[in-house]
Amino acid sequence: MLHAIETMEITKKFESITAVNNVSISVKPGELFGLLGPNGAGKTTLISMLSTMIEPTEGRATVWGFDVEREAPRVRESIGIVFQDTTLDDRLTGRESLDLHGRLYGLDTKTRKMRIQDVLSLVELSDRADALVKTYSGGMMRRLEIARGLMHHPRVLFLDEPTLGLDPQTRLHIWEYIKTLNKAEGVTIVLTTHYMEEADHLCDRIAIIDHGEIVALDTPEALKDMLGGDVIILELEKPEDKSRLCEIYKKNGTAKIVSEKNGEIFITVKNGEHQIPHILYLASNAGVSILAVSLRKPTLDDVFLHHTGRAIRDRAATEVEQVGYKIRARRK
Amino acid sequence: MVKATLNRAFQTVYTMWLREMLRFWRSKSRIIGSIATPIFFLIFLGAGFSSSFQTESGSPFDVSYLAPGLIGMAVLFSSMMGGVSIIWDREFGFLKEILIAPVSRFYVALGKAVGGVTTAMIQGLLILIIAWLIGIKYISIIGVIAAIGVMFVSGIGFIGLGIAVASKIDSHEGFQMVMSFLTMPLVLLSGAFFPISKLPAWMNVLVYSNPLTYGVEALRYFLLGKSVIPISLSIAVIIVFAFAMIGLGGKTFENTKVT
Ligand SMILES: Nc1ncnc2c1ncn2[C@@H]1O[C@H](COP(=O)(O)OP(=O)(O)OP(=O)(O)O)[C@@H](O)[C@H]1O
Ligand SMILES: [Mg+2]
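Chains A and B supply the protein sequences, listed in that same order. Going by this note's numbering, the first residue of the first sequence is number 24, and it counts up by one from there. Going by this note's numbering, the first residue of the second sequence is number 10, and it counts up by one from there.
Written out as structure tokens, the structure reads:
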């Protein structure tokens, strides 16, 4: 098969809002694909269309070769999904949740028993399997949902914000499960996130989505490379030397992009650490004295900023959202 | 092929039934609460009625008259609740887990109905037994078995109605509306608590177009051996109602949306 997922100019409109606009992407079998974007970018909407929960307004999409509109039942058999909001019944135990799921997907008794053991030990919930979901922590619920999504051996697993609102330690854990699944079991995974590190750490390829449109799509490395490389920042003793030094670097061809701001010079180069000696050599040759040098590797934050002109999110938003998540969890 | 499809349908129904049973088993306070109400009715309403009506008419009020009505009420409440609980499934997200599964939604709805009706019958049966312990006499064992059948059929009808309503409502505020505007009038306009033979004409229309009336009448016939409406008519009405509502509920549920 050529593509695990393929969308062709898929669009979703809600009344006045265009949540997903003309998106054409394809995901290869076995790939770990990330959708990275800020709140309201359209990540969930795109996943909802791919998982047959809502119908596209325009365009077409296939999952594992099946059309999401015309062959919805076949698509459903082929996928597993962990929704953004929890979809557990808190009056059931973990094991019962998995068992009922297995039944709905037509697994026989023996297979169910085996799978339950497997997925429970994968997410390290075996010892709490017979406790009511009501008594689970947020991280445990998330892990149980991942386990449930895997029960029936899906070809494609969708994870909508799998680590939203979890503490850093749990997040690292879940990252490990996701990697294992993808590498060891070969499950194609599509995950959405607005955590840069998550996308960077996990994904083979990332689509950056903003206002319902894909603004960039490539491997994390390539996305960062597109910015031209690392940034070396020089702090000068005498600010008046700035423009002279900039000219030298530009003429010399050391760097593609040189800029200055607040008495500092920013030089964008490939392989920053290897360029520093040469750059300092040029400076001392010109008789400019340097107070400090620092090297910054580009992050996906920079990539996002480059493509949208905005930072993906500020700290305050993170906090607000975590509170929201807790309230949602409590309400149950 | 046909066998596989049937097998899958059965699996789906059974899975949904199983979930209802697991939940029911865990909510013991709900079970106790739901049979306590009719029992209080039976004891206190019965005592109140018999002392006040005795003096008026001369002949003593028969408390056993209330039992079928109360069983009918319990079946109505718990089957409506069973259907309407889809609203909670929606609010707490579990509905998505069901709707994303590669199974027929009609059978999902049917499974939910069978689960709900099982709980409704357990409650109806408990009241039936408690009323008997209190001293109410039923005409025969056959009658009691037939009454259980009536509970099942009318329970299916009301749960279908509940599912249809819940599939259209997307918040728990809607639940209150259903309870006030559907369940209460159904109970009060059913003859569960009063004889339907001497009603004013305007009320007659409402009472006779209420499916619960026929359920209660059928229960009365099988448990006590007397009813105003002929038993064949009562049975025909509740069976037609059950098929119609489960069809409606299943169809509406197939088109329900979650976001
Ligand atoms: N059912 C709906 N009705 C109307 N508008 C909707 C609906 N669902 C989503 N939207 C709108 O579509 C846009 C995209 O929403 P979506 O949930 O896909 O974003 P997201 O990228 O998943 O965001 P988040 O990171 O907050 O989960 C938003 O503007 C949202 O308000
Ligand atoms: Mg989302």
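Just so you know, even glycine gets a beta-carbon here, dropped at the ideal spot from N, CA and C.
Of the listed residues the options, nearest to residue i (C-alpha basis)
i: Thr291/A; options: Leu111/A, Asn62/A, Asp325/A and Ser120/A; result: Asp325/A
i: Val123/B; options: Gly92/B, Pro111/B and Ile145/B; result: Gly92/B
i: Arg171/A; options: Leu145/A, Ser160/A and Ile77/A; result: Leu145/A
i: Pro191/A; options: Gly161/A, Gly53/A, Ser149/A and Pro61/A; result: Gly161/A
i: Thr261/B; options: Leu170/B, Gly81/B, Phe101/B and Thr14/B; result: Leu170/B
i: Thr186/A; options: Glu168/A, Lys36/A, Ile299/A and Lys51/A; result: Glu168/A
i: Gln20/B; options: Gly42/B, Lys266/B and Pro111/B; result: Pro111/B
i: Val267/B; options: Leu257/B, Ser199/B, Ala245/B and Leu108/B; result: Leu108/B
i: Gly360/A; options: Gly252/A, Lys265/A and Ile201/A; result: Nothing about residue 360/A can be read from this structure; chain A reaches only from 24 to 355.
i: Ala175/B; options: Ile41/B, Lys105/B, Ser73/B and Trp97/B; result: Trp97/B
i: Glu236/A; options: Ala27/A, Thr41/A and Gly209/A; result: Thr41/A
i: Pro77/B; options: Phe53/B, Leu208/B, Ile157/B and Ser180/B; result: Ile157/B
i: Pro239/B; options: Tyr223/B, Ile44/B, Ile150/B and Val72/B; result: Tyr223/B
i: Thr109/A; options: Leu134/B, Arg35/B and Leu104/B; result: Leu104/B
i: Ala245/A; options: Gly276/A, Ser266/A, Lys293/A and Glu283/A; result: Lys293/A
Beta carbon proximity, residue i to chain A, threshold 8 Å
i: Ala155/B; result: no
i: Pro194/B; result: no
i: Pro77/B; result: no
i: Lys105/B; result: yes
i: Ala253/B; result: no
i: Ile109/B; result: yes
Any chain B beta carbon closer than 8 Å to residue i
i: Pro177/A; result: no
i: Asp183/A; result: no
i: Arg138/A; result: no
i: Lys272/A; result: Rather than Lys, the amino acid found at residue 272/A in this sequence is Tyr. So, not an interface residue.
i: Leu115/A; result: yes
i: Thr110/A; result: yes
i: Gly126/A; result: Sequence check: residue 126/A is Arg here, not Gly. Yes, Arg126/A counts as interfacial toward chain B.
i: Gly129/A; result: yes
i: Glu147/A; result: no
i: Glu119/A; result: yes
i: Leu240/A; result: no
i: Leu123/A; result: yes
i: Trp87/A; result: no
Residue j beta carbon less than 8 Å from that of residue i
i: Leu314/A; j: Leu259/A; result: yes
i: Ile165/B; j: Ala251/B; result: yes
i: Asp227/A; j: Leu55/A; result: yes
i: Val179/A; j: Trp87/A; result: yes
i: Arg151/A; j: Met163/A; result: yes
i: Gly125/B; j: Ser88/B; result: yes
i: Leu268/A; j: Val316/A; result: no
i: Asp113/A; j: Ile139/A; result: no
i: Ser206/B; j: Val249/B; result: no
i: Gly103/A; j: Gly209/A; result: no
i: Pro220/B; j: Val246/B; result: yes
i: Thr211/A; j: Glu184/A; result: no
i: Arg127/A; j: Thr24/B; result: Residue identity differs from the one stated: residue 127/A is Leu in this sequence, not Arg. Contact flag set, yes.
i: Gly102/B; j: Ile172/B; result: no
Contact with chain D by residue i, beta-carbon distance below 8 Å
i: Val112/B; result: The structure shown contains no chain D; its protein chains are A and B.
Any non-hydrogen atom of ligand 3 within 7 Å of residue i CB
i: Phe37/A; result: Of the ligands this structure carries, namely ligand 1 and ligand 2, none is ligand 3.
> Going along the stretch 92 to 107 of chain A in order, which residues come within less than 7 Å of chain B, judged by CB to CB distance?
Replying inline: Listed by position along the chain: Pro96, Arg99, Glu100, Ile104 and Phe106.
> Pick out every residue whose C-beta is nearer than 7 Å to a heavy atom of ligand 2: which are they, in chain order?
Replying inline: In chain order, the hits are Lys66/A, Thr67/A, Gln107/A, Asp183/A, Glu184/A and Thr215/A.
>> Please list, in chain order, the residues of the stretch 65 to 84 of chain A that have any C-beta partner in chain B closer than 9 Å.
In response: So the list reads Ser71, Ser74, Thr75, Met76 and Ile77, given in the order they occur along the chain.
>> Which residues of the stretch 243 to 263 of chain A have a Cβ closer than 7 Å to any Cβ of chain B? Give them in chain order.
In response: When C-beta distances to chain B are compared with 7 Å, every residue of the stretch 243 to 263 of chain A stays at or above that value.
> Mind listing which residues of the stretch 17 to 46 of chain B have their C-beta closer than 9 Å to chain A's C-betas, in chain order?
Replying inline: Result list: Arg17, Gln20, Thr21, Tyr23, Thr24, Met25, Leu27, Arg28, Leu31, Arg32, Arg35 and Ser36.
> Taking Cβ-Cβ distances below 7 Å as the criterion, which residues of the stretch 89 to 102 of chain B are in contact with chain A?
Replying inline: Of all residues in the stretch 89 to 102 of chain B, Phe101 and Gly102 have a Cβ within less than 7 Å of some Cβ in chain A.
> Closer than 8 Å, Cβ to any Cβ of chain B: which residues of the stretch 280 to 314 of chain A, in chain order?
Replying inline: Residues are counted here when their Cβ sits less than 8 Å from a Cβ of chain B; for the stretch 280 to 314 of chain A the count is zero.
> Of the residues that make up the stretch 189 to 217 of chain A, which ones have a beta carbon closer than 8 Å to any beta carbon in chain B?
Replying inline: Only those residues of the stretch 189 to 217 of chain A whose C-beta falls short of 8 Å from the nearest C-beta of chain B would be listed, and there are none.
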